[in-house]
Amino acid sequence: MQLALFIIFGGLALAGALNLLFQRHPINSALSLVVVMMSLAVLYWSLGAEFLAAAQVIVYSGAIMVLFVFVIMLLNAGEEEKTHGSRAAYGAGIPGAAAIFCLLSFVFLSERDALGKVSVGGFLGNAVDNIAEVSATLFTKLLLPFEVTSILILVAILGAVVLARKEQ
Amino acid sequence: MSHLTNFEVFLLLSVLKVAVVLVITLMCVAYTVLLERKLLGRMQNRWGPSRVGPFGLLQPMVDGAKLFLKEDLMPLAVERPLFLLAPMIALGCALISVSVVPFGAVTRVSGVDIFEVANVNIGLLVILGITSIGVYGIALSGWSSNNKYSLLGSLRSTAQVISYELALGLSLVGVVLRAQSLNLRTIVDSQSAHGMLSWNIFGGFQFVAFFIYMMAAYAETNRAPFDLPEAETELVAGYHLEYSSMKFAMFFMAEYANMITVGCVATLLFFGGATSMFGHVFDGFLNTRFFNAVFPVLWFVVKVFGFLALYIWVRATLPRFRYDQLMSFGWKFLLPLAMANIIVTSFVLAMRG
Chain A
1 MQLALFIIFG
11 GLALAGALNL
21 LFQRHPINSA
31 LSLVVVMMSL
41 AVLYWSLGAE
51 FLAAAQVIVY
61 SGAIMVLFVF
71 VIMLLNAGEE
81 EKTHGSRAAY
91 GAGIPGAAAI
101 FCLLSFVFLS
111 ERDALGKVSV
121 GGFLGNAVDN
131 IAEVSATLFT
141 KLLLPFEVTS
151 ILILVAILGA
161 VVLARKEQ
Chain B
1001 MSHLTNFEVF
1011 LLLSVLKVAV
1021 VLVITLMCVA
1031 YTVLLERKLL
1041 GRMQNRWGPS
1051 RVGPFGLLQP
1061 MVDGAKLFLK
1071 EDLMPLAVER
1081 PLFLLAPMIA
1091 LGCALISVSV
1101 VPFGAVTRVS
1111 GVDIFEVANV
1121 NIGLLVILGI
1131 TSIGVYGIAL
1141 SGWSSNNKYS
1151 LLGSLRSTAQ
1161 VISYELALGL
1171 SLVGVVLRAQ
1181 SLNLRTIVDS
1191 QSAHGMLSWN
1201 IFGGFQFVAF
1211 FIYMMAAYAE
1221 TNRAPFDLPE
1231 AETELVAGYH
1241 LEYSSMKFAM
1251 FFMAEYANMI
1261 TVGCVATLLF
1271 FGGATSMFGH
1281 VFDGFLNTRF
1291 FNAVFPVLWF
1301 VVKVFGFLAL
1311 YIWVRATLPR
1321 FRYDQLMSFG
1331 WKFLLPLAMA
1341 NIIVTSFVLA
1351 MRG
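Protein sequence lines correspond, in order, to chains A and B.
The first sequence begins at 1 in my numbering and counts up one residue at a time.
The second sequence begins at 1001 in my numbering and counts up one residue at a time.
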């Protein structure tokens, strides 16, 4: 059951990501990104991270992507032209992406014991109330990074207000 | 059912529950439309629909038949796939959120709780998440219609929904703090001790949160007095202008299904869900298994019905907001008030706890 969910939604996420690249109209690309976000949420859920799944849906697909779509609608962006792109990107891009993929998987695989691991659907069997655990970690061990991130977002909001304000 | 395994029983009963809940929700949607027309009529000193069937009770059936049989026009310049997808997103999201609502006491048949489709640990967040996905239906319908009135309507609606979502989410935090859980069943149980006195709105002192929730929810469902996305005098009909026949009906049904969801959430979070308003006073009265299952459902239905009537009453009473009033009301009044409510509630809980 969990394996089937993983295969279906992993495939959906991959298909959405590819569609995001191949679509020429920005609104279709944005909607493909929504599909990717939702599939990721289901994958989180199947790993037992319920709160992360809900936050993914509410924050990313419900707020951020709506704003993306909103901006695209406001700017009335049309279809894009297909160009050949720069030769340097072709030359460096594919090996670069492959190198990053190899590096990340090497790090994750070699540090497997330190990072801890879950099996697909493992948490569903012996459910822990992970909202309580997430918040306990967030407000004790990770308090400083949490507050710093809040201040960072506050600075961004103030910046937006300053930029958007009319000159008197 | 001895020759079926536990999983098969669970699966069959779940499919049955989904089908029954879906049909009942759709019937409720149809009859909410009739209720609105009747009540609005009475409030405006006229009869409302009264010709089809006794008291006009068959009106939703003929309305449905009419909408099915109408010609389905599609303008040539629309963005076809998105134009078709938009009403499906709107209606789908509106109907899915009913699936986590517990509408009765825990009643197990073969080990399956029959009065709730899915008991999820984060039920409240699921409802909020699905509501926030529902925005795409409105946003895409306006954009794909290729019509400036539709686009304006959907832009207004998107901005409105995103703005009021914050106040709505924050107004519920006080309740979650009191119940210490996001599970809707647990939230209901936390208010069931002394009937009406332990409901969050009275005993829990969450009436500020309740009024913020109601106002934000009216804006979220695009209902009067916040129905600017479909303001007839300015935008013809707003985002569903180019839709006809069943596709128009899907938007219409989505609006009413969202009203029902809002009523359900308000009942669950502030009015003690499916528990009796008298608490345990009449526990000995009609104490059989059947009545113990039926009465909670009745309480729930009565409370949700009250919220639907309130929706209609507000629509008949209040004029529409202006757009800048709407935005400043949401951001400068409701949002700070919701935050103040969270701070006061958590302070009091910390003092007592």
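The beta carbon of each residue, even a glycine, is placed where N, CA and C say it ideally should be.
- Pairwise C-beta distances place the stretch 9-28 of chain A in contact with the stretch 36-44 of chain A, as three or more of them are shorter than 8 Å.
- A Cβ-Cβ separation of about 17 Å leaves B/Leu1184 out of contact with B/Val1112 under the 8 Å criterion.
- Per DSSP, reduced to three states, the secondary structure at B/Val1112 is strand.
- Rounded to the nearest whole angstrom, the C-alpha separation of A/Val42 and B/Thr1131 is 17 Å.
- Bounds of the alpha helix (DSSP H) holding A/Thr149 are 143-164.
- With 16 or more other Cβ atoms from the protein chains shown falling within 10 Å of its own Cβ, B/Pro1049 counts as buried.
- Assigned with DSSP and collapsed to three states, B/Ser1171 falls in helix.
- Between the stretch 1152-1167 of chain B and the stretch 1195-1205 of chain B, the count of C-beta pairs closer than 8 Å stays below three; the two stretches do not touch.
- Nearest neighbour of A/Lys82 by Cα position, chosen from A/Ile58, A/Pro26, A/Ile72, A/Phe70, turns out to be A/Pro26.
- When DSSP states are grouped into helix, strand and coil, A/Met65 belongs to the helix group.
- Per the coordinates, the alpha-carbon of B/Met1250 lies some 45 Å from the alpha-carbon of B/Val1348.
- For B/Tyr1149, the three-state secondary structure derived from DSSP is helix.
- Within the stretch 1109-1131 of chain B, Asn1121, Ile1122, Leu1125, Val1126, Leu1128, Gly1129 place their CB atoms closer than 7 Å to a CB of chain A, listed in sequence order.
- Note on geometry: alpha-carbon atoms of A/Glu111 and A/Ser105 lie some 10 Å from one another.
- Around the Cβ of B/Tyr1218, a 10 Å sphere holds 16 or more other Cβ atoms; the residue is buried.
- For B/Trp1313, no CB of chain A lies under 8 Å from its own CB, so it is not counted at the interface with that chain.
- Under the three-state reduction of DSSP output, B/Ser1276 falls in the coil class, being neither helix nor strand.
- For B/Pro1060, the CB contacts under 7 Å within the same chain, skipping 5 residues up- and downstream, are Ala1030, Tyr1031, Val1033, Leu1034 in chain order.
- With a threshold of 8 Å between beta carbons, B/Val1281 makes no contact with chain A.
- For B/Met1259, the enclosing alpha helix (DSSP H) has its first and last residue at 1245-1270.
- The distance from the Cβ of B/Ser1144 to that of B/Leu1082 is about 4 Å, consistent with a contact at the 8 Å cut-off.
- Taking a Cβ-Cβ threshold of 9 Å, the residues of chain A close to B/Ala1139 are Val66, Val69, Phe70, Met73, in chain order.
- Excluding the 5 residues flanking it on each side, B/Glu1079 has same chain C-beta neighbours closer than 6 Å at Ser1144, in chain order.
- Taking B/Ser1245 as the centre and dropping the five residues before and after it, the same chain places the C-beta of Leu1067, Lys1070, Glu1071, Asp1072 closer than 7 Å to its C-beta, in chain order.
- Think of a sphere of 7 Å around the beta carbon of B/Thr1158: the chain A residues whose beta carbon falls inside it are Val66, Phe70, in chain order.
- As the crow flies, the alpha-carbon of A/Tyr60 is around 43 Å from that of B/Gly1041.
- Just measuring C-alpha positions, the residue of B/Thr1345, B/Val1344, B/Pro1336, B/Leu1084 sitting nearest B/Leu1168 is B/Pro1336.
- Legend: CB atoms of the stretch 7-31 of chain A lying less than 9 Å from CB atoms of chain B belong to residues His25, Ile27, Asn28, Leu31.
- In the DSSP assignment, B/Phe1083 falls within the alpha helix (DSSP H) that extends over 1080-1096.
- Closer than 9 Å at the C-beta level to chain B, one finds no residue of the stretch 144-159 of chain A.
- For A/Gly93, the number of other beta carbons within 10 angstroms of its own is below 16, and it is reported as exposed.
- When the Cα atoms are used, B/Glu1242 and B/Lys1148 turn out to be separated by approximately 11 Å.
- Note on B/His1003: under 16 other CB atoms within 10 angstroms of its CB, so exposed under the neighbour-count rule.
- In terms of CA proximity to B/Gly1142, B/Thr1158 leads the group B/Thr1158, B/Ile1133, B/Leu1128, B/Gly1129.
- Residues of the stretch 42-66 of chain A with a C-beta less than 7 Å from any C-beta of chain B: Glu50, Phe51, Ala54, Val57, Ile58, Ser61, Gly62, Ala63, Val66, listed in chain order.
- Contact between the stretch 1172-1184 of chain B and the stretch 1267-1285 of chain B is present, with at least three C-beta pairs closer than 8 Å.
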